[in-house]
Amino acid sequence: MKSSDSLHHRHRYLAKIPLGILLSVPFLLQLLGATGLVGYLIYRSEQQAIHKLGNQLVNEVGEQIYHQLDHYLQTAQIVNHRNLTVIHDGLLDIQDFEQTGHYFWHQFNTYDFNSIQFARADGSYVGVSYQDQIPVISEVPQPHHKQFVYSTNLQGFRTHLQQTTANLNVLDATWYRDAVAAKQPIWTSVYTRDSSHQKAVTASTPVYDSQGSLLGVLSIDLNLKQISRFLQQLEIESGRAIILARSGLLIADSNSTEMTAQGEQRHRATDMEPLLRSIKTHLARFGNLNQLAQYSTRLAIAEQLTYIRVLPYQDAYGLDWLIIVAIPESELMENVRVNQQQTLLWCGLIVLLVAALGIVTVHWTINPARRLVPVDAIAQRRFRHLAFTNEVLTAQLVNAWRHIAQFNVAPTLPEQPTLPILQNLESLPEIIYSATIEPDGLMHFEYINQAAANFYEISVAEFLAQPNRIILMQMHPEDRAGYLAQVAQSTQIAAFSYEWRSITPSGKLKWLRTSSQPEQRTGDIYWHGVIFDISDRKQHEQELQASQAQLNDIFNWVGVSIARLRFYPDQTFEADYCSAGCEAMFGYTPEELTAQLWASRIPPEDLQASMEQGFAAICQEQPVTNEYRFRRKDGSLRWIADTLTSRWDEAKGCWIVTAVGVDITDRKNFETALHQSEALNRAILNALPDLIIRMHQDGTYLDVKPTTGFPVLTSPNSIGTNICDLLPPEVAQQRLAVASVALSTKQMQVYEFPLIVNGQSLWQEARVMPLTTDEVLVVIRDLTERNQAEQALHASEQRFRQAFNDAPIGMALVSPTGHFLKVNRVLCEIVGYTDKELLTLTYEDITHPDDRQADTENVQQLLTGEISCYEMEKRYIRKQGDVVQALLNVSLVKVAQQPLYFVAQVLNISDRYEIDRIKDEFIAIVSHELRTPLTAIRGALGLLAAGVLDDEPLQVKEVLEIALNNSDHLVRLLDDLLNLKRLESGTLPLIVETRRVADLIKQAIAYTTTIADEANVKISTRFPTIEIQVAGDAIVQTLTNLLSNAIKFSPAGSTVWLSAELKESKSAPHILFAVQDRGRGIPADKLETIFQPFQQVDISDAQQKRGIGLGLAICKRIVEQHGGQIWVNSELGKGSIFYFTLPIAQQDV
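Just so you know, the sequence shown maps onto residues 1 to 1149 in full-length UniProt numbering.
If you want it as structure tokens, here you go:
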């Protein structure tokens, strides 16, 4: 009874509470709970994103500093190496300081160096540096000399001496001594420059000759202030980036600094000092910085978290620095706090707005419901009827909400909007538009407000000019098809609504949504609508969807196994719960799959690794994913990935672990196949002898597949480096130009180029293929061996060609048909034809008719293989018609037993026949010259012996004179032969003395007067009165021989002229002798040969005029031994003039 009264009392109490409050309070509580949950999830997501962003930011900044530092520092070493190669290749003469300084000047103006110099081992020096911000060339030309500083023009040539300073002994400089001691390229220690108090470091490279002797040291000085400037340009406003040496010396700092008069740094941003001190204090925990390796951490500095990244920088030349990046969390939180405040503000506004709408809606829905309840039923508390009416009320409310949810109202514009309305529309942030749509889908805007300019980043006028193109051009490609389909459907006078992504010209991605309603006007359909920027909403939706997806994955058992485990500190565990998905994954039902069975079905090596990794993460309450193999109940082996999340349960003394398992067998199989395919492809690529490079159009290496087939200036470390920093300028520029052509033509380009690497000359082929619009694939193949073979073949061919052309005998290649294929110069000279003329002839065309039969028979024997070669003497008919004697040697060249061509060697043996002729003439002349005087002597002696003239003393005297004269002639003949031999061998000394020209001429006339009188020839003379230094007897003999010849060949009653004339010349004064006659003259083809021994114009002269042809040969030898010249001018039928010169000293003149 009491229970019934209390229930009745409770109903009466609830009946007093308004129905609106009963409906509103649960709704508000659910709304507040949902909003709080969303806010909490957003906060957690932001915290995780900040932590991830902080680590990512310090890593990216550290890597950016590393690459920039490596690029700046390695440029100096690369330039040094390039200069060393140029010196070893002989392209730069380091002994020529003017050339070396000009070469350094161009490098100095190309790169950002403080100075570049070369010091020889003797202490001389040349270098380029700045003086008052202007490049100058400094030089110490000799050891211990002063230093000369030269100004330069815009081409790098010296203009004038600017100043002279005391000699700086470079041999004591640190950069010189350290490089010589190391015997390899190095970096010096960081030092402070005396003049500017700035830190600097020097790259030094020793230079040795081929015997290993030191020639000097190349060095490049770098100002470390450039590194600080780069650090100051990093976008870390409240962060800090510093570079330390392992000794603790500060190399560079992102904080702006200035120098005091004493050279000490004073920081302008004093609020950064706590950060720097905290970093140094933290690093001091490691003790010796030499052991500090790469790591990341977070520190609480000045009551805020700071992300720290330490990245060692080391190179092959001895540098060992630490890159330290520190970014406070506040820098990342600035925008996040603004977003949090905005999020909280919007959440509050949304809660208030939704609560107000909910309360209004509740009251609006319950007022009609009240009229449905009979008043008397309420008054009499007939709750049974009231329950029924509440069901009806509930159904009506549901239908009402459905109607409201389906109702869609869009704003419409009046046909003639007023100015205030337009002003209000123009100030709205959303796009308000009114447009018509053609049947083909094209839109024509009647009105659109200024918000379009902000949305599409163009003016409204430009938008209205071509709206369809701009909308579709900026629309994401994946959204265009749906948009066009929606537009096509809207032509049926249906409400239009669509969401899409838009990419603005600046690259921003926006989510846009449009809603519009049609309006029928005079046959046309007008669409009035609004376009919203829903990017923020989409971002939140995506974040919420990601969170919701994660939750859904946990509760979705399809393809996933979920288990709840208890892990104890002794590394034992128990399973509390397994989802139904474990049967599909493991092959065992949840009841069968115990912890012990699960462990027994995993390979031991996988179980141990999973337990160690999983337990370590569980103890730290960090999520972890383990991958392992599991032997199913049917015996198949599957790959499983378990994601574990844990929390410590104090009451139970264990970690409560949620394990979500996924079957990743397909992924593992795919990864295995992919790895095998990649390994196969990589093995194929590595087996190729080619160097393969993926390169950006600006020359940056994106990927490199090096090769050991030949030395190259690339390696995997070249990725991210520009080609201009790896290859010589001319090679790099050529590669960039070819890449540009390949990208523009979309066709592969092939070219060959030389390259010098480590003093070795290479010849390479490059194939440049376009990959994308701004990337090319470069395949480098070494053609050095092929090129060397081609060069060797070319050299061999050149040697053969040169030997063929320069052979001292005639050479020819003759086809089996007898046509000349190739002839050399000597053969052309032998037969008198040009090479072009010979190539149109056959060998029979130039063969003497009497020799053709024998030649043809020998050729046939060669072709049949009876003989391998033959040799014969034959006659050729020259182009001029005369015959030349030749010795012919012929062999046959075959290829695959087929005759290819004959090799003919032709030796001109006409000289042999000429020698035989000269020998015969000489014997005839000598026989005649000896027999005539001997006959006279014998006849005279015979008369005396017979006693015929015993009584005639006068006749005896005449006979004796005849014998004596002929004996003298024999003596002179023998003297001429002996003198010629001595003159040719140089054993006949010439005794030089001072003689008057007049005396020489008179003495020669005295010797020839007798024969002149006998021939009835007069001698006329003309000579200067000077003295000369000559061998008098030899010159008299020369004049006598010339006069004797002139008298012999002059007609009776004629005159022979002998003259001497002084020819003055500043360079070589001389005296010219001339002997002129009126004889028969000398043929043109004999003007040179008559000065040779035993040569005469006509063989009959030896019999008629007496003589063996030695006189002119003796004259030629005497004149040439005096340093003079002898020659003859002659005209047939008019006579000859013999000239010879004798040089004289200036004082004689």
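Quick reminder that beta carbons are idealized off the backbone N, C-alpha and C, glycines included.
Kindly identify the DSSP beta-bridge partner or partners of residue i.
| i | result |
| --- | --- |
| residue 216 | 120, 207 |
| residue 1156 | For the chain, the structure presents residues 1 to 1149; residue 1156 sits outside this window and is missing. |
| residue 648 | 655 |
| residue 145 | None, per the DSSP bridge assignment. |
| residue 160 | 151 |
| residue 703 | 694 |
| residue 1060 | 1073 |
| residue 640 | 628, 663 |
| residue 1019 | 1056 |
| residue 138 | 127, 149 |
| residue 874 | 886 |
| residue 432 | 530 |
Tell me which same chain residues have a C-beta within less than 6 Å of the C-beta of residue i, skipping the five on either side of it?
| i | result |
| --- | --- |
| residue 1063 | 1070, 1072 |
| residue 225 | 198 |
| residue 1184 | Because residue 1184 is not part of the residues shown, which for the chain are 1 to 1149, the question remains open. |
| residue 839 | 820 |
Within a Cβ cutoff of 8 Å, which residues of the same chain sit near residue i, ignoring the five residues on either side of it in sequence?
| i | result |
| --- | --- |
| residue 815 | 821, 901, 902 |
| residue 701 | 693, 694, 695, 714, 718, 719, 720, 721, 722, 723, 726 |
| residue 1020 | 1055, 1056, 1057, 1058 |
Note down, in chain order, each residue of its chain lying with its Cβ closer than 7 Å to the Cβ of residue i, except the 5 sequence neighbours on either side.
| i | result |
| --- | --- |
| residue 1077 | 1046, 1049, 1050, 1056, 1135, 1136 |
| residue 509 | 501, 503 |
| residue 874 | 847, 848, 851, 855, 886, 888 |
| residue 456 | 463, 470, 474, 504 |
| residue 88 | 759 |
| residue 755 | 731, 762, 764 |
| residue 1113 | 980, 1091, 1092, 1093 |
| residue 86 | 92 |
| residue 587 | 632, 633, 634 |
| residue 1034 | 990, 1118 |
| residue 293 | 312 |
| residue 442 | 468 |
| residue 153 | 159 |
Please confirm whether residue i and residue j have their CB atoms less than 8 Å apart.
| i | j | result |
| --- | --- | --- |
| residue 319 | residue 84 | no |
| residue 245 | residue 321 | yes |
| residue 774 | residue 897 | no |
| residue 202 | residue 188 | yes |
| residue 467 | residue 445 | yes |
| residue 249 | residue 310 | no |
| residue 221 | residue 252 | no |
| residue 560 | residue 661 | yes |
| residue 909 | residue 1038 | no |
| residue 227 | residue 66 | no |
| residue 1123 | residue 1140 | no |
| residue 904 | residue 890 | yes |
| residue 231 | residue 254 | yes |
Pull up the CB-CB distance for residue i and residue j, whole angstroms please, since I reckon it's below 8 Å.
| i | j | result |
| --- | --- | --- |
| residue 809 | residue 826 | 6 Å |
| residue 1081 | residue 1142 | No, residue 1081 and residue 1142 are not in contact; Cβ-Cβ is about 26 Å, not under 8 Å. |
| residue 1060 | residue 997 | 5 Å |
| residue 628 | residue 606 | 4 Å |
| residue 451 | residue 431 | 5 Å |
| residue 242 | residue 54 | That belief does not hold up - the Cβ atoms of residue 242 and residue 54 are roughly 18 Å apart, past 8 Å. |
| residue 296 | residue 279 | No, residue 296 and residue 279 are not in contact; Cβ-Cβ is about 13 Å, not under 8 Å. |
Check whether chain C comes within 8 Å of residue i, counting only Cβ atoms and requiring the distance to be less than that.
| i | result |
| --- | --- |
| residue 794 | Within the model displayed, chain C is absent; a lone protein chain is all it includes. |
Handout entry: Three-pair Cβ contact test at 8 Å for the segment 766–775 versus the segment 788–795
Key = Contact between the segment 766–775 and the segment 788–795 is absent: fewer than 3 CB-CB pairs across the two stretches fall below 8 Å.
Exercise for the section: Specify whether the segment 155–171 and the segment 183–191 touch according to this definition: at least 3 beta carbon pairs, one from each stretch, less than 8 Å apart. Expected result: The segment 155–171 is not in contact with the segment 183–191.
Exercise for the section: Assess, as a yes-or-no matter, whether the segment 683–701 is touched by the segment 599–609 under the definition of 3 or more beta carbon pairs within less than 8 Å. Expected result: Verdict: no, contact absent.
Exercise for the section: Mind the definition here: the segment 132–147 touches the segment 96–110 only if three or more C-beta pairs lie below 8 Å; say whether that holds. Expected result: With a cut-off of 8 Å, the segment 96–110 and the segment 132–147 count as touching, because enough Cβ pairs lie within range.
Problem - Validate contact between the segment 664–677 and the segment 564–578 using beta carbons, cut 8 Å, 3 pairs - result: Because the criterion of three Cβ pairs below 8 Å is not met, the segment 664–677 and the segment 564–578 do not touch.
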